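Only one structure is covered here, and it is reproduced in the block below.
Number of protein chains: 2
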Amino acid sequence: MDPVRVIEIKKSVFEDNDKDAAALRNELRHKGIFLLNLMSSPGSGKTTTLIRTINLLKDKLRIAVMEADIDSDVDAVKIKEATGIPSIQLHTGGMCHLDAEMTRQGLDNMPMDDVDLVILENVGNLVCPAEFDTGSSCNAMILSVPEGHDKPLKYPLMFSICDVVVVNKMDVQPYFDFDLDKCKEYIRMRNPKAQVIPISAKTGEGVEAFASWLLEAVKNWKQR
Amino acid sequence: MDPVRVIEIKKSVFEDNDKDAAALRNELRHKGIFLLNLMSSPGSGKTTTLIRTINLLKDKLRIAVMEADIDSDVDAVKIKEATGIPSIQLHTGGMCHLDAEMTRQGLDNMPMDDVDLVILENVGNLVCPAEFDTGSSCNAMILSVPEGHDKPLKYPLMFSICDVVVVNKMDVQPYFDFDLDKCKEYIRMRNPKAQVIPISAKTGEGVEAFASWLLEAVKNWKQR
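Heads up: the protein sequence lines correspond to chains A and B, in order.
Counted from 1, the first sequence has number 2 at position 2 by the working numbering; the numbering is strictly sequential.
Position in the second sequence counted from 1, then plus 1000, gives you the working numbering.
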């Protein structure tokens, strides 16, 4: 297997990220590419969730992954080994988020001619990534059970910009004071339209529901 | 009980945060106040750890707490109710970290004449808070078992600037693939001098070791 490519992302020079993000979204629409921006806290299980989801969808969609990290390339290597799909690592050089121009730097290093779905695994951070539109077709986030059901109260912007909230590590719910109903209630306070999908990336439970949601989202977006 | 004060923090106008932080640290030294800057991911258990620690130390030290959060004042209320010590809430208005000037805005709203130890609970974020010196006497962080032992590889700066790493939620270690020895090894790669203290804020196990470490740090700093 070829080694995973590592791209060192440079700081953006664009001043108007919203404008740049809209332009990128438009370009991707014309190319028929759906870009999923996946966000979460550190250690909520983004990579494990992606591996399960990609393995359920890779026969239905042509998928590629960009793994953003401050350092290390363990995630991109894991994705490539476990799914066989194209995967590159973006090094943000200490930066706490990706914006549209940084996302474009990643996309410029991907095979874009035969891809339906590009998944961007953003930096593990519930604050800054919520403030920067990446040009994605859809924003998704993972909240894990050990983090607690009160997180929508504390990180309101992140929950308000996501189309779907995956609640991961449901297998360990018995060992934590995590109330799924309260969590849903708090998420809906921030974002009444957000889908909430409980899963366990470890056991696989619920991942099919997320994969179906994503497949549907890609199809609907292509038809729009 | 009086309601908890909520301070809306304004963006800093200082350009040289390092200089400002050094000045604040110096001022605090002259007043005999130790400032602990406590950082972690969202949901790693900062508030619960603080409550346990404060209850072990409040007869030995005069303690006050500043709880930074983007929104909500649940943490400051919890601390005040569970420990009885002075506690204020800092609202960062969406900002992802505190710097020295923002910390000073909080301190200006605290009773500073009869305090030995001020604990700043920083915004839940492993990236940005590591980049801004708050003027603290000491940096501490909490890593929780569910986040995984690989975090020092992914968030190198945070681990390199902390004098102590508290590993929380040890009670749920049997349910996660968390290797404490590997975690210690990765932390030492980033920071050979960092103390690593495993605890469970839920059961109380190990919290005494952290409290002793903190008491010692405050005493040594006062004598320096």
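The C-beta atom is built at its ideal place from N, Cα and C for all residues, glycine as well.
Since the structure is predicted, the reported quantities are computational estimates derived from the model, not experimental observations.
Report the residue from the options whose alpha carbon sits nearest the alpha carbon of residue i.
i, options, result
"A:Ala209", "A:Asp20, A:His30 and A:Leu57", "A:Leu57"
"A:Ile9", "A:Tyr186, A:Glu101, A:Gln223 and A:Pro146", "A:Glu101"
"A:Glu131", "A:His97, A:Pro152 and A:Leu120", "A:His97"
"A:Asn37", "A:Asp18, A:Ala68, A:Ile7 and A:Ile51", "A:Ala68"
"A:Val278", "A:Leu143, A:Leu24, A:Ala217 and A:Glu205", "This structure does not reach residue 278 of chain A, given that chain A is present from 1 up to 224, and the question cannot be answered."
"B:Ser1137", "B:Asp1059, B:Ser1072, B:Lys1060 and B:Ile1161", "B:Ile1161"
"A:Leu50", "A:Val115, A:Phe34, A:Ala76 and A:Ala217", "A:Ala76"
"B:Ala1217", "B:Val1004, B:Gly1032 and B:Ala1021", "B:Gly1032"
"A:Asp103", "A:Lys184, A:Lys80, A:Pro129 and A:Glu81", "Reading the sequence as shown, one finds Thr at residue 103 of chain A and not Asp. Ranking A:Lys184, A:Lys80, A:Pro129 and A:Glu81 by Cα distance to A:Thr103 puts A:Pro129 first."
"A:Val6", "A:Asp108, A:Trp221 and A:Asp179", "A:Asp108"
"A:Val167", "A:Asp18, A:Lys60, A:Ser40 and A:Asn17", "A:Ser40"
"A:Lys184", "A:Leu153, A:Asn55 and A:Glu81", "A:Leu153"
"B:Asp1020", "B:Asp1133, B:Val1004, B:Thr1047 and B:Ile1119", "B:Asp1133"
"A:Gly45", "A:Leu215, A:Ser200, A:Glu81 and A:Lys219", "A:Ser200"
"A:Lys219", "A:Leu61, A:Asn55 and A:Asp179", "A:Leu61"
"B:Ile1063", "B:Phe1034, B:Thr1047 and B:Lys1078", "B:Phe1034"
"A:Ile119", "A:Leu215, A:Glu15 and A:Ala22", "A:Leu215"
"A:Lys222", "A:Asp18, A:Leu28 and A:Asp16", "A:Leu28"
Provide the residue span of the alpha helix (DSSP H) that contains residue i, from first to last.
i, result
"B:Ser1200", "No alpha helix (DSSP H) contains B:Ser1200, which DSSP labels as neither H nor E."
"B:Glu1101", "Ala1100 to Leu1107"
"B:Glu1216", "Val1207 to Gln1223"
"A:Phe132", "Counting along the chain, A:Phe132 falls outside any alpha helix (DSSP H), and DSSP gives it neither H nor E."
"B:His1030", "Asn1017 to Lys1031"
"A:Asn55", "Lys46 to Leu57"
"A:Glu81", "Val74 to Thr83"
"A:Leu61", "Per DSSP, A:Leu61 belongs to no alpha helix (DSSP H) and is neither H nor E."
"A:Met158", "Pro156 to Ser160"
To the nearest whole angstrom, what separates the beta carbons of residue i and residue j, a pair I think is in contact under 8 Å?
i, j, result
"A:Val123", "A:Thr92", "6 Å"
"A:Leu90", "A:Gly106", "5 Å"
"A:Tyr155", "B:Ile1070", "6 Å"
"B:Lys1202", "B:Asp1171", "6 Å"
"A:Thr53", "A:Val207", "6 Å"
"A:Met110", "A:Ile88", "6 Å"
"A:Pro146", "B:Lys1169", "7 Å"
"A:Val127", "B:Asn1191", "Incorrect: roughly 24 Å between the Cβ atoms, too far for contact."
"A:Met141", "A:Val165", "6 Å"
"A:Lys78", "A:Thr47", "6 Å"
Which two residues bound the contiguous beta strand (DSSP E) that contains residue i?
i, result
"B:Val1165", "Val1164 to Asn1168"
Per DSSP, what are the beta-bridge partners of residue i in this structure?
i, result
"B:Ile1142", "B:Ser1040 and B:Val1166"
"B:Val1006", "B:Gln1089"
"B:Glu1185", "B:Glu1185 pairs with nothing; no bridge assigned."
"B:Met1066", "B:Ile1088 and B:Leu1120"
"A:Phe34", "A:Leu117"
"A:Gln195", "A:Val164"
Taking buried to mean at least 16 other C-beta atoms within 10 Å of its own C-beta, is residue i buried or exposed?
i, result
"A:Asn26", "exposed"
"B:Ser1212", "exposed"
"A:His30", "exposed"
"A:Asp99", "buried"
"A:Gly148", "buried"
"A:Met95", "buried"
"B:Pro1086", "buried"
"B:Gly1135", "buried"
"A:Pro174", "exposed"
"A:Lys193", "exposed"
"A:Gly204", "exposed"
"B:Arg1224", "exposed"
"A:Asp73", "buried"
"A:Met158", "buried"
"B:Met1189", "exposed"
"B:Asn1139", "buried"
"A:Glu121", "buried"
"A:Lys80", "buried"
"A:Lys151", "buried"
Which residues, in chain order, does the stretch 106-125 of chain A contribute to contact with chain E at a C-beta distance below 9 Å? Reference to chain E is not applicable here, since the protein chains of this structure are A and B.
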